[in-house]
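Those protein sequence lines, which keep their order, are chains A and B. Residue 314 in the working numbering sits at position 314 of the first sequence; the count goes up by one each step and never skips. Add 1000 to a position in the second sequence, counting from 1, and you land on the number used in the working numbering. For reference, the structure discussed in these notes is given below.
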Amino acid sequence: MTDTKISKEKLKEIYIKMNHTRKFEEKVAYFFSRGMVHGTTHLYIGEEASGVGACCALDKEDYITSTHRGHGHCIGKGIDLNRMMAELLGKYTGYCHGKGGSMHIADLTMGNLGANGVVGGGLPIAVGAALTMKMKKRDNIVVCFFGDGAANTGSFHESVNMAAVWELPVLFFCENNLYGMSTHIKRAMKNTNIADRAIGYGIPAKTIDGNDAIEVYNTVREAREYVKKNGPMLIVSNTYRISGHSKSDANVYRTKEEIAEWREKCPIKRMRKYLEDNKIFTAKELDEMDEQTTNDIENAVIYAQNSPNPSIDTLLEDVYA
Amino acid sequence: MRKKGGPKMREITYAQAIREAMCEEMRRDENVFLMGEDVGIYGGAFGVSLGMWEEFGDERVRDTPISEAAIAGAAAGAAVTGMRPIAELMFSDFITIAMEQLINQAAKMRYMFGGKAQVPMVLRAPTGSGTGAAAQHSQNIEAWLMNIPGLKVVMPATPYDAKGLLKAAIRDNNPVVFLEPKLLYRKKGLVPEEEYLIPIGKADIKREGKDLTIITCGRMVPTCLTVADEMAKKGIDIEVIDLRTLLPLDRETIVASAKKTGKVLIVHEGVQTGGIAGEITALIADSEAFFYLDAPIKRLGGADVPIPYNPELEKNAVPTENSITEAVLQLIK
């Protein structure tokens, strides 16, 4: 971990939000395994430092576009856990009144332009949001989350090029978790150094350890200033998806050893160790935080389970403004 | 053309009417801007935005890279964060490239997010055949778009309608696909000097009649009106309904006219199979108008082919005055 001048308060926020994300998803995974919720979900377990670290470096008025694996981005950007859990359970009190589910959680009041069911789908939207920032002369940026898989879509190339030529305040944040579903990056790219792609568009890039929340936070904080003044930048955040792609994943395309190795690099354990070793928080304080986050998720579950389902009458609502 | 009220009228082209609508809305609301390929100093592939770059500059008349997906998606992203973009695609055929952003993103955002977002964007595109540009620059894809809840689809046939509907589309809080039949760009019509809007979702009876209803839209409107005038000489009094908006359809006007005349012919440029006539036919058959019909509903769409290059083949790939006349006579006898 790099040295830092991050405030104690901010470090606590990052640690708590990473824990919220992990515990939220463990609960969701449990619900899925028991058949208590339908559809599918894409877990972010192992990648928490990346999205939470990045979002905690933003202002409330900054925007993000997220992905199908978006729980960490949502929680990082600031979300009501109760309403988020309610959405996963398809309840009327959920962020989308039960119409979106895991892949479409959005909270425009917190600058979250939504998770996205389409790989690469959020990139052009981020460019448009950044165009608004520029045309309205706002002092804010857009962080566009996408994965290594999305870096091979046409919309990645169209979007990065357009943002570059218009010098828009958008930070392209590639979370490289090495797999597009089951396909390893080496089988999908000749040159697996995604940062090299920035050269083609005349913008800077930086590759970081996406399991180090402090490095992620510091990088995004700095990049935010660069992007506001100069236009887009690409960050490649190297991380790993410990859980399967979705609930149907039997993990046949990778070894147990590989997963175990990355489990050792758990970003939450690492953050806790950093906070303890550097005497920023005591073990007792951290235990309290752990307990608090567990309780927060339990309360979110109770809220969601006690919430009503949407009435069938709402089926036709909100197609048009 | 029917007189449309308003004291002072002048004659302008369809393309000028669209330009006036954009300019007036951009002067009125600083959030409105135009983006697209070569819309700036070049003035757009069909000259629709000529002179706008000079008035509004680079920021608000924005030339884009050739990136249709990013154009549509950036419009959606700008719209959901507070702008009111007008995005021009050079040909409606290229909507295929923008389809993911238009359909999976822009059209669904509001519903998926439980009603929290609004996406006030207009996607303008020249459409249809007749210019010898062959299969990839001439098709009509409005029927596909009618199948997408969350979109509105507009296709005006006159300068008057084009101006009023485009202004309404720009002020609408939903994604509106605005299709401009390119053969109409140079056609002139009377347009009031003062401001007016035409509501989206309202058809227009372009010619009243009692013997038969032709339901049509876009470039086929003037063709059907010509046929109606010819038929009038033979004592056949045809009502011509210009749908103007395809999504949502103006059910009330369609049903009322079918009830009135008891005979319905639907004419459109896009290919017949899976075309818009199927939906309109079903709408009538499903309504009380069914009991007033004196003959089966007849549809006349484009041939089920990609648009060919040869001028005679091209002309015959869509309904013509002859084929429309023939269909009318079949229904009347």
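Just so it is clear, CB atoms sit at the ideal spot from N, CA and C, and this is done for glycine as well. These numbers were taken from a predicted model, which means no experiment stands behind them.
Original post:
Sorted by chain position, which residues of the same chain lie with C-beta nearer than 6 Å to B:Gln1330's C-beta, five sequence neighbours on each side aside?
Top reply: none
Original post:
Hey, is the segment 180-191 of chain A in contact with the segment 1081-1100 of chain B, meaning 3+ C-beta pairs nearer than 8 Å?
Top reply: no
Original post:
Mind pulling the chain B residues with CB within less than 9 Å of A:Val127?
Top reply: Ala1070, Gly1073, Ala1074, Gly1077 and Ala1078
Subject >> Inside the segment 1036-1105 of chain B only - beta strand (DSSP E) runs reaching at least 3 residues >> reply: 1061-1063 and 1084-1088
Original post:
Mind checking whether A:His97 and A:His68 have CB atoms under 8 Å apart?
Top reply: no
Original post:
What residues from the segment 114-148 of chain A come within 9 Å of chain B, judged by C-beta to C-beta, listed N to C?
Top reply: Gly114, Asn116, Gly117, Val118, Gly120, Gly121, Gly122, Leu123, Pro124, Ile125, Ala126, Val127, Gly128, Ala129, Ala130, Leu131, Thr132, Met133, Lys134, Met135, Lys136 and Val142
Original post:
If you follow the alpha helix (DSSP H) that B:Pro1311 is part of, which residue opens it and which one closes it?
Top reply: Pro1311 to Lys1315
**OP:** Pick helix, strand or coil for A:Asp209, following the three-state DSSP scheme.
**Re:** strand
**OP:** With a 10 Å radius around its C-beta and 16 neighbouring C-beta atoms as the bar for buried, classify A:Ala336 as buried or exposed.
**Re:** Here chain A has residues from 1 to 321 only, and residue 336 of chain A is not among them.
**OP:** Please compile the residues from chain B whose C-beta is within a distance smaller than 7 Å of the C-beta of A:Leu108.
**Re:** Lys1116 and Ala1117
Subject >> Closer than 8 Å at the beta carbon, the chain A residues around B:Glu1037 >> reply: The premise fails here: B:Glu1037 is roughly 12 Å from chain A at the closest Cβ pair, so nothing lies under 8 Å.
Original post:
Whose C-beta lies closer than 6 Å to the C-beta of A:Ile79 among residues of the same chain, with five residues either side of it excluded?
Top reply: Asp107
**OP:** Scan the segment 192-259 of chain A and note each continuous alpha helix (DSSP H) run of 4 residues or more that stays entirely inside, going in chain order.
**Re:** 197-200 and 213-230
**OP:** Classify A:Arg22 as helix, strand or coil using the three-state DSSP reduction.
**Re:** helix
Subject >> Three-state secondary structure assigned by DSSP to B:Cys1224 >> reply: helix
**OP:** Please check if any C-beta of chain A sits within less than 8 Å of the C-beta of B:Arg1002.
**Re:** Note that B:Arg1002 has pLDDT 49, beneath the 50 cutoff, so the model's placement of it is unreliable and no number is given.
**OP:** Compare the C-beta of A:Asn82 with all C-beta atoms of chain B and state if any pair is closer than 8 Å.
**Re:** no
Subject >> Rounded straight-line distance, which links the Cα of B:Phe1056 to that of A:Leu11 >> reply: 47 Å
Subject >> Between the CA atoms of A:Asn299 and A:Gly94 - distance to the nearest angstrom >> reply: 14 Å
Original post:
What does DSSP give as the partner residues of A:His327 in its beta bridges?
Top reply: Nothing about residue 327 of chain A can be read from this structure; chain A reaches only from 1 to 321.
**OP:** Return the first residue and the last residue of the beta strand (DSSP E) that B:Gly1270 is part of.
**Re:** Val1264 to Val1271
Original post:
On the three-pair Cβ rule with 8 Å, is the segment 48-55 of chain A touching the segment 124-133 of chain A?
Top reply: no
Original post:
Quick one: what's got a C-beta closer than 6 Å to B:Gly1040's C-beta in the same chain, skipping five residues either side?
Top reply: Trp1053, Val1061 and Asp1063
Original post:
Mapping DSSP to helix, strand and coil, what is A:His184?
Top reply: strand
Subject >> Interface residues of chain B facing A:Val319 [CB-CB closer than 8 Å] >> reply: Arg1110, Tyr1111, Pro1149 and Gly1150
Original post:
If you measure from the beta carbon of B:Ala1083 to each beta carbon in chain A, is any gap under 8 Å?
Top reply: According to the sequence provided, residue 1083 of chain B is Met. The question's Ala does not apply to it. Closer than 8 Å: yes.
Subject >> Contact under 8 Å by Cβ, A:Ile235 with A:Lys206 >> reply: yes
Original post:
Of the residues that make up the segment 1195-1206 of chain B, which ones have a beta carbon closer than 9 Å to any beta carbon in chain A?
Top reply: none
**OP:** Check the DSSP bridge columns for A:Cys174 and list the partner residues they point to.
**Re:** A:Phe146 and A:Val236
Subject >> Contact set between A:Ser159 and chain B, taken where Cβ atoms lie within less than 7 Å >> reply: Ala1070
Original post:
Should A:Val220 go down as buried or exposed, given a rule of 16 or more other Cβ atoms within 10 Å for buried?
Top reply: buried
**OP:** State yes or no: is the beta carbon of A:His104 nearer than 8 Å to at least one beta carbon in chain B?
**Re:** yes
Subject >> Residues that B:Asn975 contacts on chain A, provided the C-beta gap is smaller than 8 Å >> reply: Chain B is shown only over 1001 to 1333; residue 975 of chain B falls outside these bounds and no answer can be derived.
Original post:
Along chain B, in chain order, which residues have C-beta atoms closer than 9 Å to that of A:Tyr95?
Top reply: Phe1113, Gly1114 and Lys1116
Original post:
With a CB to CB cut of under 6 Å and the five nearest residues on each side skipped, what residues in its chain are close to A:Tyr201?
Top reply: Val160, Asn161 and Ala164
Original post:
In terms of residues, what are the limits of the alpha helix (DSSP H) holding B:Ala1157?
Top reply: It is not in any alpha helix (DSSP H) - B:Ala1157 carries neither H nor E in the DSSP assignment.
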